[in-house]
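Engineer: So the sequence shown is numbered by UniProt numbering: it starts at 1 and just counts up by one. Every residue, glycine too, gets a C-beta built ideally from N, C-alpha and C.
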Amino acid sequence: MSIQLVCDVNKCFQALHVGLPGSVHASRVFQHLNIYKNPEQFFENHYLLDYSSYSSSNHIIPAYKGSLNQNNDQRKFNYCLAQSQVHIEHAIGMLKGRWSSLQQMQFQMKGPEDIQNFVNWVVTCVILHNILVKIDDQWLTLYDDEDPPELQVINEGPHVGMGPNIWEKIKSSTLDWYNNKS
């Protein structure tokens with residue numbers, strides 16, 4: 001069974017989908033999230049940073065494709081996007097660390113009631129995780145010293161669904177943030 005999560009920079013989950021078969025591609029699962037169906041409710045002057053498999057849109061910022069043809073700004077931008085992957089991986093690591101039952105869910109799915117119990121268990125753990133994040137639980141600093149993973153890019157490119165001027169403004173803003181952070 002697939003589980004898809006979207007988190008913010010504070011490692012608080014903003015979207016969750018549980019229940020489709022595990023064989024369903026991540027981009028297809030994403031289409032079931034309310035954050036995809038109604039982006040205007042989530043993205044007022046905000047964007048979802050994507051490091052791998054979602055199509056670009058007015059609210060989804062993908063990585064540049066083709067690492068051999070990238071200029072220095074594009075490589076830095078992709079590095080920044082890879083750091084966003086670290087946030088979700090850390091958040092999932094904290095979630096599984098807090099509730100080890102999530103590491104190897106061993107539910108026997110014999111019918112709709114079993115599936116609903118599985119979904120309820122995952123949703124409950126995510127809600128409790130968010131509560132602990134909001135009260136500054138100590139788990140937040142546990143994963144902060146890891147390097148971003150290698151970037152895997154599987155999308156149509158940065159300009160699909162948005163004008164090049166918007167894309168350049170977002171890239172510039174991200175690079176400014178990155179350069180001021182370093």
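1. By DSSP, does Gln106 sit in helix, in strand, or in coil?
2. In the DSSP assignment, what are the bridge partners of Phe13?
3. Should Ser172 go down as buried or exposed, given a rule of 16 or more other Cβ atoms within 10 Å for buried?
4. Please name the residue in Gln108, Lys110, Gly93 whose C-alpha comes closest to that of Cys125.
5. Just the Cα atoms here: how many angstroms apart are Ser23 and His46?
6. Roughly how far, in whole angstroms, is the beta-carbon of Leu16 from the beta-carbon of Val123, given that I think they are within contact range, below 8 Å?
7. Among His59, Ile131, Leu68, Lys76, which one has its Cα closest to the Cα of Asp176?
8. Am I right that Asn120 and Phe13 are in contact with their C-beta atoms under 8 Å? What's the rounded C-beta distance?
9. For the candidate residues Lys134, His59, Leu102, Leu68, whose alpha-carbon lies nearest to that of Val18?
10. Taking the alpha carbon of His59 as the reference point, which residue from Ile3, Asn72, Glu44 has its own alpha carbon closest?
11. Identify, in the order they occur along the chain, each residue of the same chain with its Cβ nearer than 7 Å to the Cβ of Val9, setting aside the five sequence neighbours on each side.
12. Grouping DSSP H, G and I as helix and E and B as strand, with all else coil, what is Leu132?
13. Alpha carbon to alpha carbon, how far is Leu81 from Leu49?
14. In this structure, how does DSSP classify Leu33 when only helix, strand and coil are distinguished?
15. Candidates Glu113, Gly66, Pro39, Gln104: which alpha carbon is nearest Ser57's?
Structural biologist: Short version:
1. coil
2. Cys7
3. exposed
4. Gly93
5. 30 Å
6. 7 Å
7. Lys76
8. Not a contact, Cβ separation roughly 16 Å.
9. Leu102
10. Glu44
11. His87
12. helix
13. 6 Å
14. coil
15. Pro39
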